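Have a look at the structure below, then the notes.
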Amino acid sequence: MKSREEHINPLYYLLSNISVNQLVCITALYFTLVFNFPFLKEVWAVVTALPEYNLGFLYSIPLLVFCLCIQVINLLSLGGHRYLLKPVLITLLLLSSLAFYSRQTYGVVFDYGMVQNSLQSHSSEAMMYLNQYSVLFFLLSGLLPAILIARSDVHYLSMGRNVAHSVKLSLISLVTIVMIAYLYYPNYASVGRNNKFLQKSSIPFQYLVATGKYARDHYFSTPLEFKLLDSEPKLHNQHAGAKRVLVMLVGETARADHFSHNGYSKQTNPYTQVQPVTSFKNMYSCGTATAVSIPCMFSALSREEYDHNKANSQQNLLDLVLLAGVDVLWVDNNGCKGVCERVPTVTIDVKSDSPLCDGDYCFDEALLAPLENKLQNLTANTTLIVLHMMGSHGPTYYKRYPDNQRIFKDDCPRSDIQNCSTATLINTYDNTIAYTDWVISKVIDKLSGLPINTESAMLYVSDHGESLGENGAYLHGFPYALAPESQKHVPLLTWFAEPMKVDTKCLTKNAEQNEFSHDNIFHSMLGLLQVSSSVYLESLDLFSSCKGKSMMRVATGDSAIKQ
Numbered sequence: 011m012k013s014r015e016e017h018i019n020p021l022y023y024l025l026s027n028i029s030v031n032q033l034v035c036i037t038a039l040y041f042t043l044v045f046n047f048p049f050l051k052e053v054w055a056v057v058t059a060l061p062e063y064n065l066g067f068l069y070s071i072p073l074l075v076f077c078l079c080i081q082v083i084n085l086l087s088l089g090g091h092r093y094l095l096k097p098v099l100i101t102l103l104l105l106s107s108l109a110f111y112s113r114q115t116y117g118v119v120f121d122y123g124m125v126q127n128s129l130q131s132h133s134s135e136a137m138m139y140l141n142q143y144s145v146l147f148f149l150l151s152g153l154l155p156a157i158l159i160a161r162s163d164v165h166y167l168s169m170g171r172n173v174a175h176s177v178k179l180s181l182i183s184l185v186t187i188v189m190i191a192y193l194y195y196p197n198y199a200s201v202g203r204n205n206k207f208l209q210k211s212s213i214p215f216q217y218l219v220a221t222g223k224y225a226r227d228h229y230f231s232t233p234l235e236f237k238l239l240d241s242e243p244k245l246h247n248q249h250a251g252a253k254r255v256l257v258m259l260v261g262e263t264a265r266a267d268h269f270s271h272n273g274y275s276k277q278t279n280p281y282t283q284v285q286p287v288t289s290f291k292n293m294y295s296c297g298t299a300t301a302v303s304i305p306c307m308f309s310a311l312s313r314e315e316y317d318h319n320k321a322n323s324q325q326n327l328l329d330l331v332l333l334a335g336v337d338v339l340w341v342d343n344n345g346c347k348g349v350c351e352r353v354p355t356v357t358i359d360v361k362s363d364s365p366l367c368d369g370d371y372c373f374d375e376a377l378l379a380p381l382e383n384k385l386q387n388l389t390a391n392t393t394l395i396v397l398h399m400m401g402s403h404g405p406t407y408y409k410r411y412p413d414n415q416r417i418f419k420d421d422c423p424r425s426d427i428q429n430c431s432t433a434t435l436i437n438t439y440d441n442t443i444a445y446t447d448w449v450i451s452k453v454i455d456k457l458s459g460l461p462i463n464t465e466s467a468m469l470y471v472s473d474h475g476e477s478l479g480e481n482g483a484y485l486h487g488f489p490y491a492l493a494p495e496s497q498k499h500v501p502l503l504t505w506f507a508e509p510m511k512v513d514t515k516c517l518t519k520n521a522e523q524n525e526f527s528h529d530n531i532f533h534s535m536l537g538l539l540q541v542s543s544s545v546y547l548e549s550l551d552l553f554s555s556c557k558g559k560s561m562m563r564v565a566t567g568d569s570a571i572k573q
């Protein structure tokens, strides 16, 4: 007689007394047809767009993915071990569901940079992605299959027979992979070589490989000995009695083409528009994620040279100027990714009872009080204050600006931004840019209020850009080589007080005609702070050709070796 569960649950027969190999194959099939549907769709589009293509090659692709999934599952579960199989399958399902959601919703792929960015994010940042849509997606694609596997009645054999059966399945899938490679290797090589984005689009391979590399680099590699790039950087004195103050604002997720300074049709810079700022129209980021761009821009390494471990084990800009005698303060509203570890730091308390904070985040206006306090208590001849902003951090753009800064009224106050209309999403994002502009203008106002002979300057630069639904892509973090322009083209604004004696005409010409990148930040900041160092390269100093007498050159010459 049938039990009540047999009548209620149509999956009972499938899950009852199922063998290890059957469960592995069913799960691999689910990965192939569900989690890898976007990948197979992209491959289909690429292959069928060719003037000529082999149907056998086209149909072999899902079979290859299926066989590779079998190999991964058997490898991670040690041949379907009774104490490992279900935990491995459930873990893969849940992680793959998250990767699938990111891929489907935002167009994000989990390469090395995205894994790094995810693991270095705090819990409140992860909560920004929590909404009804994401929860439903996760429940249906990840949690429900995981529950079915957890409740499945797997028929395990003796350890020896179980391993033998798993090895047999692995050999069959391996032979199939070899046959596919033998028959269609030239096709795979050609399509893969000409469409590199496909190499990082398949689940779970993309995030497993990236996580493995991240673990290798951060937990299983020998720490590098900390390297002093220059043990004797020298700070040059200003005129008697004059102080030099430089405020650097590090923006978040701002894209250059949404700044009206750069020709954007909407007025997103209404506050600095009336101030003598210079906009560098062709500025490009080091990475497409904060975890890469922040350490990179403060290091002496170029984008091509950048390596997290290497950058983390040598002096950065803050270390160097602090050693030279500059008074350094980092004011943090967004995490410094290790850059500020060795310098004085003030962290904005998100749990404070300030009306600027909600318990998870604070509006960037909260940066102004610590700035004001520092400016009122300048003790050194030269001071560098870095303000790290929340800026335009998504997907909860609507939480980045107070209601009185809601310039573009028809916005979209939700985190599932893929369900916003294009117009309301852009309005929401543009409000974050306008609010950032307001904060920048307040910083300039405070610097303008310093004693008249103070040599003060402001530099604002964003860490990376953002996708706002163009071609189905949202947010950021794409592999740099594949990332759209919107994720790499970032704004850079400068302001100089009159005592700095900058040739503004020269600066404006350079800003409009030349292309720059985060590679220029390290050397430009050394120049502005008048710190001479063996690692300084005048050719990478944004301001070297436009300096007045007050901004003496500190270059050791372009013969200096960039380490």
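Heads up: the sequence shown at position 398 corresponds to 408 in the numbering used here, and the numbers run straight through without jumps.
Built from N, CA and C at the ideal position, the CB exists for glycine as well.
The structure displayed is predicted, hence computed values, not measured ones.
Taking 3 residues as the minimum length, the beta strand (DSSP E) runs contained wholly in the stretch 375-415 are 392-398, in order along the chain.
Relative to the Cα of Glu382, the nearest Cα in the group Phe207, Tyr484, Val453 and Pro280 belongs to Val453.
The beta carbons of Leu435 and Gly479 sit about 6 Å from each other, so the pair counts as a contact at 8 Å. Residue range Arg254 to Gly261 is occupied by the beta strand (DSSP E) that includes Arg254. If you look at Leu330, you'll find it in the alpha helix (DSSP H) that goes Leu327 to Ala334.
Taking Ser176 as the centre and dropping the five residues before and after it, the same chain places the C-beta of Asn84, Gly89 and Gly90 closer than 6 Å to its C-beta, in chain order.
Judged by DSSP secondary structure, Ser128 falls within the alpha helix (DSSP H) whose first and last residues are Tyr122 to Leu129. Approximately 12 Å separates the beta-carbon atoms of Ser458 and Thr282; this is outside 8 Å, ruling out the contact.
Going by DSSP, Thr282 is part of no beta strand (DSSP E) at all; its letter is neither H nor E.
When secondary structure is reduced to three states using DSSP, Ser106 falls in the helix class. For the 8 Å CB-CB criterion, Asn343 and Met400 form a contact. Taken through DSSP and simplified to helix, strand or coil, Gln277 comes out as coil.
Rounded to the nearest whole angstrom, the C-alpha separation of Leu103 and Arg352 is 40 Å. Relative to the Cα of Pro72, the nearest Cα in the group Tyr445, Val257, Ile190 and Gly170 belongs to Ile190. In this structure, Ile159 lies near Ile100, with their beta-carbon atoms less than 8 Å apart.
Note on Met293: 16 or more other CB atoms within 10 angstroms of its CB, so buried under the neighbour-count rule.
Each of Leu218, Ser312, Pro286 and His474 was checked against the Cα of Asp267, and the nearest Cα belongs to His474.
When the five nearest sequence neighbours on each side are left out, the beta carbons in the same chain lying within less than 8 Å of the beta carbon of Arg424 are those of Asn141, Tyr408 and Cys430, in order along the chain. In the three-state reduction of the DSSP assignment, Val349 falls in the coil class. In the displayed model, Ile436 falls within a helix according to three-state DSSP. Cβ contact annotation for Ser151 (same chain, cutoff 7 Å, sequence separation greater than five): Val44, Ser107 and Phe110, in chain order. In the DSSP assignment, Leu33 falls within the unbroken alpha helix (DSSP H) covering Val30 to Tyr40. For Leu485, the secondary structure class from DSSP, reduced to helix, strand or coil, is strand.
Residue pairing for Val500: DSSP places it in a beta bridge opposite Met293. The residue from Lys237, Val545 and Thr115 with its alpha-carbon nearest to that of Ile427 is Thr115. Residue pairing of Ser431 in beta bridges, as defined by DSSP: absent, with no partner found. Nearest C-alpha to Glu508 among Pro461, Asn197 and Leu339: Pro461.
The C-alpha of Leu39 lies about 10 Å from the C-alpha of Asn46. Between Tyr224 and Val125, the gap from beta carbon to beta carbon is short of 8 Å. DSSP places Met138 outside both helix and strand once states are collapsed to three, so it counts as coil. Linking Asp370 to Val360 through their CA atoms gives a straight-line distance of about 6 Å. In the structure shown, the three-state DSSP call for Cys367 is strand. The residues Leu256, Met258, Leu327, Val331, Leu394 and Leu469, in chain order, have a CB closer than 8 Å to that of Met535 in the same chain once the five nearest residues on each side in sequence are set aside.
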